[in-house]
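Using my numbering, the first residue of the sequence shown is number 172, and each one after it goes up by one.
Idealized CB from N, CA, C, for every residue including glycine.
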Amino acid sequence: MRETPRQICLEEWDQRQATLARQGGGEPSYGGPLGRHVEREGNGRLRQLRFDNSTAALRLWNFLLTENQRLRAARAQGERLVGAMKDLGTVPVMAYALPRVRAFYPDGAWWTPCLMECTDRLLNQAEALGADATTCPVRAMLAAFQNGEHFPRPDLLVCSAGAICDDFSAIAQRLERLGSAVLWWEMPRRREPETGEASCALPGGLRAPADQVECVRDELRRVAIALGRLVATELTAERLRDGIQSANAVRRELQALRETVYAAAGAPLPALEMLIAEMLAVHFCSDRDESRVVLGGLVQEATRRVAARQSVVDETGIRVYWVNPVADLRAMNLLETCGGQLCGSDFMFTHALDLIPEDLPPLEALARTALADPMVGPVQDRARRIVQECRRYRVEAVVVSRIPGASHCAWEGAYLREHLAAELGVPAVEIEVPPVCDALLPALRTRLQAVLEIAQSRRRA
Ligand code: SF4
Numbered sequence: 172m173r174e175t176p177r178q179i180c181l182e183e184w185d186q187r188q189a190t191l192a193r194q195g196g197g198e199p200s201y202g203g204p205l206g207r208h209v210e211r212e213g214n215g216r217l218r219q220l221r222f223d224n225s226t227a228a229l230r231l232w233n234f235l236l237t238e239n240q241r242l243r244a245a246r247a248q249g250e251r252l253v254g255a256m257k258d259l260g261t262v263p264v265m266a267y268a269l270p271r272v273r274a275f276y277p278d279g280a281w282w283t284p285c286l287m288e289c290t291d292r293l294l295n296q297a298e299a300l301g302a303d304a305t306t307c308p309v310r311a312m313l314a315a316f317q318n319g320e321h322f323p324r325p326d327l328l329v330c331s332a333g334a335i336c337d338d339f340s341a342i343a344q345r346l347e348r349l350g351s352a353v354l355w356w357e358m359p360r361r362r363e364p365e366t367g368e369a370s371c372a373l374p375g376g377l378r379a380p381a382d383q384v385e386c387v388r389d390e391l392r393r394v395a396i397a398l399g400r401l402v403a404t405e406l407t408a409e410r411l412r413d414g415i416q417s418a419n420a421v422r423r424e425l426q427a428l429r430e431t432v433y434a435a436a437g438a439p440l441p442a443l444e445m446l447i448a449e450m451l452a453v454h455f456c457s458d459r460d461e462s463r464v465v466l467g468g469l470v471q472e473a474t475r476r477v478a479a480r481q482s483v484v485d486e487t488g489i490r491v492y493w494v495n496p497v498a499d500l501r502a503m504n505l506l507e508t509c510g511g512q513l514c515g516s517d518f519m520f521t522h523a524l525d526l527i528p529e530d531l532p533p534l535e536a537l538a539r540t541a542l543a544d545p546m547v548g549p550v551q552d553r554a555r556r557i558v559q560e561c562r563r564y565r566v567e568a569v570v571v572s573r574i575p576g577a578s579h580c581a582w583e584g585a586y587l588r589e590h591l592a593a594e595l596g597v598p599a600v601e602i603e604v605p606p607v608c609d610a611l612l613p614a615l616r617t618r619l620q621a622v623l624e625i626a627q628s629r630r631r632a
């Protein structure tokens, strides 16, 4: 049943899903009405969100919201679980290259307070464990580990150290002190190669000194050995090569989706679904093959809508680039209600969007990709990539979304806002989005409307 693209509420989606099910719509094993995630898991935030009305979007949401159940089912069937922390895109590629292993990011618990509208009390519990409101909402992970009520406790916990934010570093160390053994691996802060210094090309058009690549490669080798021990199966170069090819297949789908949506005259998919879809690249939402299918469905839907000249938002909406993920998903809906459309994004893991080189020894390829992480290098590198994307997608305004308590956001957000506005000649605004932003909605709306109105007046000039 094809419907005109639009955003609908949870109640309407549940009615539509029931109709589709009666017609034999064919849903995956994790499919069903979205409303059940409110009743069973307490994800009350879903009642406040507006969702895309395509079946591809329904599949995306059900895939996202069943991750913890799918992880528990995998464990019950004898699979081993790896908790990867902070690197956002590297260790899972290695883990999924092994049989009977799944990797996920406990970091993802930072959205639990949003989804459960703080009824989970994870942020309060984290405070009691030593991580108060002066730290990033990722502190929810600390409490989720302790109470075991959200994600299953992993069999192996791996975390990158070194060039990571102070928040995560402090929280992960606290986690270890509380009894969770962590395999740390070192990520140096990426720097420009000096004149005459041996250097390597990284994905995303970056370069790094060859010594740094070698260091990361050796660190990842330690991780590979630990992963192999977990299932008594060596993580050989051949397995890794296959794993990289499979990860790249997912990344290609995502690249196709971004290109189709962000280049379109009117966005064929909403901002919220694009944020969720991009997140799949990081650890495949705990099912690599299915994540490819889910993304493929979104690509098909977006392509069909573009061909039919259909968009889900007002086609005249201001073309907006969004920097950083939001702690409250509702903020992505707000962009569209204020008259914007998402036409580009840097959700802090652009290195997970780039293809991993397939013509290099696999550990070296992964080391180069890990070093391209926008958060381990100078903010100027990050800004350069954003500028290129903004030009490519004809962006008219930039929103830099700060994460409350995040140690890097205070100075980095201001730099990005000023630099992007000057370089691109478009209005830019900085906002801060807490895990439940209801009380701030009027202020957030005013700030977004202001920047969109400036962009609108520039169009008319
Ligand atoms: S959002 Fe920022 S502060 Fe929080 S864990 Fe990620 S990089 Fe660190």
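Q) Counting pairs of beta carbons, one from the region 594-603 and one from the region 569-584, are three or more of them closer than 8 Å? A) yes
Q.
For alanine 632 and isoleucine 625, I'd like the C-alpha separation in whole angstroms.
A. Counting from 1 along the sequence shown, the entry for residue 632 is found at position 461. Counting from 1 along the sequence shown, the entry for residue 625 is found at position 454. Looking at the two C-alpha atoms, the distance is approximately 11 Å.
Q.
On the DSSP letters alone, give me the boundaries of the alpha helix (DSSP H) that glutamate 560 sits inside.
A. By 1-based counting over the sequence shown, the position of residue 560 is 389. Note, glutamate 560: alpha helix (DSSP H), 550-563.
Q: Out of Ala434, Pro204, Glu198, point me to the one whose CA is closest to alanine 189's CA.
A: In the sequence shown, the residue the question calls residue 189 occupies position 18. Looking at the Cα atoms, Pro204 is the closest of the given residues.
Q | Close beta carbons around serine 370, own chain, < 8 Å, minus the five adjacent residues each side | A | The residue you call residue 370 lines up with position 199 of the sequence shown. So the qualifying residues of the chain are Pro364, Arg378, Ala379, Pro380, Ala381.
(Q) In the DSSP assignment, the beta strand (DSSP E) including alanine 568 goes from what residue to what residue? (A) As a working note, residue 568 is residue 397 in the sequence shown. 568-573 is the extent of the beta strand (DSSP E) around alanine 568.
Q. Does the separation of the CB atoms of valine 329 and valine 253 fall below 8 Å?
A. Locating residue 329 in the sequence shown gives position 158, where the first residue counts as 1. Locating residue 253 in the sequence shown gives position 82, where the first residue counts as 1. In contact: valine 329 and valine 253 (Cβ atoms closer than 8 Å).
Q: Can you tell me which of the three DSSP states glutamate 603 falls into?
A: The residue given as residue 603 occupies position 432 in the sequence shown. If DSSP states are grouped into helix, strand and coil, glutamate 603 belongs with the strands.
Q | Spatial distance of serine 225 from aspartate 303 (CA atoms) | A | If you number the sequence shown from 1, residue 225 lands on position 54. If you number the sequence shown from 1, residue 303 lands on position 132. Spanning the two alpha carbons is a distance of roughly 40 Å.
Q | Cβ neighbours of glutamine 620 in the same chain (closer than 8 Å, five flanking residues each side left out) | A | Residue mapping note: residue 620 aligns to position 449 of the sequence shown, counting from 1. Answer for glutamine 620: Cys509, Gly510, listed in chain order.
Q.
Taking only three categories from DSSP, how would you classify glutamine 481?
A. Translated into positions along the sequence shown, residue 481 becomes position 310. Residue state, collapsed to three classes: coil.
Q. Just to confirm, does alanine 577 get its C-beta within under 7 Å of one of the non-hydrogen atoms of ligand 1?
A. By one-based count along the sequence shown, residue 577 stands at place 406. Answer for alanine 577: yes, Cβ within range of ligand 1.
Q: Could you pull out every unbroken alpha helix (DSSP H) segment of at least 4 residues lying fully inside the region 493-526, listed in chain order?
A: 501-508
Q. Can you list the alpha helix (DSSP H) stretches of 4 or more residues lying completely in the region 225-285, in chain order?
A. 226-236, 238-247, 262-266
Q.
Quick check: the Cα distance between arginine 216 and aspartate 530, rounded to an integer number of angstroms?
A. As a working mapping, residue 216 is identified with position 45 in the sequence shown. As a working mapping, residue 530 is identified with position 359 in the sequence shown. Approximately 44 Å between the Cα atoms of the pair.
Q: Take valine 387 as the anchor and find which of Leu191, Glu535, Gly213 has the nearest alpha-carbon.
A: Position 216 of the sequence shown, counted from the start, is the residue given in the question as residue 387. Nearest C-alpha to valine 387: Glu535.
Q) Distance, Cα to Cα, serine 200 vs arginine 241? A) By one-based count along the sequence shown, residue 200 stands at place 29. By one-based count along the sequence shown, residue 241 stands at place 70. Going from the Cα of serine 200 to the Cα of arginine 241 covers about 10 Å.
Q.
Under DSSP, the beta strand (DSSP E) around serine 370 begins and ends at which residues?
A. What you label residue 370 is simply residue 199 of the sequence shown in a count that begins at 1. 370-373 is the extent of the beta strand (DSSP E) around serine 370.
Q: Would you tell me roughly how many angstroms separate the C-alpha atoms of serine 331 and glutamate 357, rounded to the nearest one?
A: As a first step, residue 331 must be located in the sequence shown, where it is residue number 160. As a first step, residue 357 must be located in the sequence shown, where it is residue number 186. Taking the straight line joining both Cα atoms gives about 6 Å.
Q.
Suppose you measure from the CA of glutamine 219 to the CA of cysteine 307; what does that come to, to the nearest Å?
A. Here residue 219 corresponds to residue number 48 of the sequence shown, with the count starting at 1. Here residue 307 corresponds to residue number 136 of the sequence shown, with the count starting at 1. Near 23 Å, if we compare the C-alpha coordinates of cysteine 307 and glutamine 219.
Q.
Going by C-alpha to C-alpha distance, which of Asp499, Glu583, Leu611 sits closest to alanine 280?
A. Taking the first residue of the sequence shown as position 1, residue 280 is located at position 109. Comparing Cα-Cα distances from alanine 280 to each of Asp499, Glu583, Leu611, the minimum goes to Asp499.
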